[in-house]
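Visitor: Chains as they are written, first to last, in this note's numbering: chain A, 31 to 282; chain B, 21 to 222.
Glycine is no exception: its CB is placed at the ideal position from the N, C-alpha and C atoms.
As the structure is a computational prediction, the values presented were derived from the model and not from experiment.
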């Protein structure tokens, strides 16, 4: 694909001065971040730092009190929401698969919503299951309850990628997996990203995962961005919160 | 047992079942859309469920009696009263079923770009089906019992035997109404339990 970039090129996703409060308690305080094409921005922070809320602001599950979010150069407004959401894959911790649908129906959801022809959807589902390392013949007709945690998460990622979105939103996608499966999926995710060039906004509280997955890390603390850094810069960061996260690395 | 009695049991059972089926059909037709609308409105929901709860506590004989001046005696009045009783379990189970669907799943559906209507029809309702059918089942079984009182206002049904037996001090006549009513309730319970299993999405 050829990009005719104006200078400066608009980022794929721009989060501008976003604030949000629940019952007077601020959850996000003036957060500004960008995600460029093909980039993985990791939101790292403790529980309650606002990272999940920020992710939900991006796809409009949460409506910020102030600030603006632009996706593909357009402000995400009510009428744009459905269109934008179909161009942002969404993966959550336990996969969020529909329990009453087969793997095939789950993965084919967004293409179906977008009105693809059934044969085209079926072909795409097969392609995606292969891509995430599941044999279509074996897994296509299964229900989520017949899958292991790691397999569910693979299906979740396949579903998120189904319509070829330019951006993935991932909310601690590997947190509930055993360490071996988690490492496998992390490696595979990196490989997928390399192949597809899909950008990602990736929420995690695991600094090891952040360093592994990120092109840039945004460290959130009490709803504010404390630091935005590449993994190399982050390892050398001196701030207290960054050091607190890095201290967790030294043990193992 | 003589032929005349058997044929009367059969015709009154049919009448009984007719009352129940009409009442359940109307209560379902009202209760399902009402419950769906109420899942979107928390405040009105409390009011509506409160009202339905109160309606349920009115003694059935009193309700039948109360409706007579407005709706007269006969089948219509009986159906109205039975509907009111059937409404609560259907309403409550539909609400519980829809509201009980895992919020993370509904949020995922929204995040994938499904519209509110698509989420309702493709995700929430299918996952709520077992609970909804269970509500219809409870409503049907209790209505079969309550419908015996319909005879008191001339709507017929198996209650005819029961009231006749009471006024004649004849236990066997009471049983001629009570036993078929109990059997109908058991059969309805079985059939609806089977439907519940068949329709279960999981």
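1) Residue 36 of chain A: buried (16+ other C-beta within 10 angstroms of its C-beta) or exposed?
2) Taking the alpha carbon of residue 80 of chain B as the point to measure from, which residue in B:167, B:203 and B:28 has its own alpha carbon closest?
3) Using a Cβ-Cβ cut-off of less than 9 Å, list which residues of the region 121-148 of chain B approach chain A; keep chain order.
4) Report yes or no: is there a C-beta of chain A within less than 8 Å of the C-beta of residue 206 of chain B?
5) Give the secondary structure of residue 215 of chain A by DSSP, where H, G and I count as helix, E and B as strand, and everything else as coil.
6) Buried or exposed for residue 124 of chain A, going by 16 or more other Cβ atoms inside 10 Å?
7) At a cut of 8 Å, does the region 111-128 of chain A reach the region 157-172 of chain A through at least three beta carbon pairs?
8) What does residue 45 of chain A pair with, by DSSP beta-bridge criteria?
9) So, helix, strand or coil for residue 250 of chain A, using DSSP?
10) Have a look at residue 143 of chain B and residue 116 of chain B and give me their C-alpha separation to the nearest angstrom.
11) Cβ of residue 99 of chain A less than 8 Å from any chain B Cβ?
12) Starting from residue 119 of chain A, follow its DSSP beta bridges and name the residues at the other end.
13) If we count Cβ pairs, one from each stretch, closer than 8 Å, do we get three or more for the region 126-139 of chain A versus the region 179-188 of chain A?
14) State the DSSP-derived secondary structure class of residue 278 of chain A, mapped to helix, strand or coil.
15) Spatial neighbours of residue 282 of chain A within its chain, please: CB distance less than 6 Å, with the 5 preceding and 5 following residues excluded, ordered by chain position.
16) Enumerated in chain order, which unbroken segments of the alpha helix (DSSP H) with a length of 4 residues or greater are wholly contained in the region 76-146 of chain B?
17) Can you find the residues in the same chain that come closer than 6 Å, C-beta to C-beta, to residue 63 of chain A, ignoring five residues on each side of it along the sequence?
18) Would you decide whether residue 118 of chain A is buried or exposed? Buried here means 16 or more other CB atoms lie within 10 Å of its CB.
19) How about residue 222 of chain B: is its C-beta nearer than 8 Å to some C-beta of chain A?
20) In three-state DSSP terms, what is residue 57 of chain A?
21) Relative to chain B, which residues along the region 94-122 of chain A have a C-beta separation below 7 Å, given in chain order?
22) CB residue 32 of chain B to CB residue 165 of chain B, shorter than 8 Å?
23) Below 8 Å on the Cβ atoms is my contact criterion, and I expect residue 39 of chain B with residue 102 of chain B to pass it. Report the Cβ-Cβ distance as a whole number of Å.
24) Given 8 Å as the limit, is there contact between the region 34-51 of chain B and the region 91-110 of chain B, that is, 3 or more CB pairs closer than that?
25) What does the alpha-carbon distance come out to for the pair residue 75 of chain A and residue 120 of chain A?
26) Using a Cβ-Cβ distance cut-off of 8 Å, determine whether residue 133 of chain A contacts chain B.
27) Below 8 Å on the Cβ atoms is my guess for residue 26 of chain A versus residue 132 of chain A; work out the distance and round it to an integer in Å.
28) Measure the C-alpha to C-alpha separation of residue 251 of chain A and residue 267 of chain A and round it to an integer number of angstroms.
29) Out of A:150, A:198 and A:276, which has the shortest C-alpha to C-alpha gap to residue 262 of chain A?
30) Count the other C-beta atoms from every protein chain shown that fall within 10 angstroms of the C-beta of residue 113 of chain B, then say buried if there are 16 or more, exposed otherwise.
31) Return no unless some Cβ of chain B is closer than 8 Å to the Cβ of residue 140 of chain A.
32) So with Cβ pairs under 8 Å, would you call residue 54 of chain A a contact of chain B?
33) What's the C-alpha gap between residue 108 of chain A and residue 37 of chain B?
34) Could you confirm whether any beta carbon from chain B is found closer than 8 Å to the beta carbon of residue 275 of chain A?
35) Quick check on residue 52 of chain A: does DSSP put it in helix, strand or coil?
36) Taking only three categories from DSSP, how would you classify residue 238 of chain A?
Guide: Looking at the atomic coordinates:
1) Note that residue 36 of chain A scores 48 on pLDDT, short of 50, meaning its location in the model is unreliable; the coordinates nonetheless yield the value given after this. Under this definition residue 36 of chain A is an exposed residue.
2) B:167
3) 122, 124, 125, 127, 128, 129, 130, 131, 132, 133, 134, 135, 138, 142, 143, 146 and 147
4) no
5) helix
6) buried
7) no
8) A:63 and A:99
9) strand
10) 15 Å
11) no
12) A:198
13) yes
14) helix
15) Its pLDDT being 48, under 50, residue 282 of chain A is placed unreliably in this model, and the value from its coordinates should be taken loosely. Excluding positions up to five away in sequence, the list is empty.
16) 80-91, 95-119, 123-131 and 136-139
17) 45 and 248
18) buried
19) yes
20) strand
21) 112, 115, 116, 120 and 122
22) no
23) 7 Å
24) yes
25) 19 Å
26) no
27) With chain A covering 31 to 282 only, the question about residue 26 of chain A has no answer from this structure.
28) 15 Å
29) A:276
30) buried
31) yes
32) no
33) 50 Å
34) no
35) strand
36) helix
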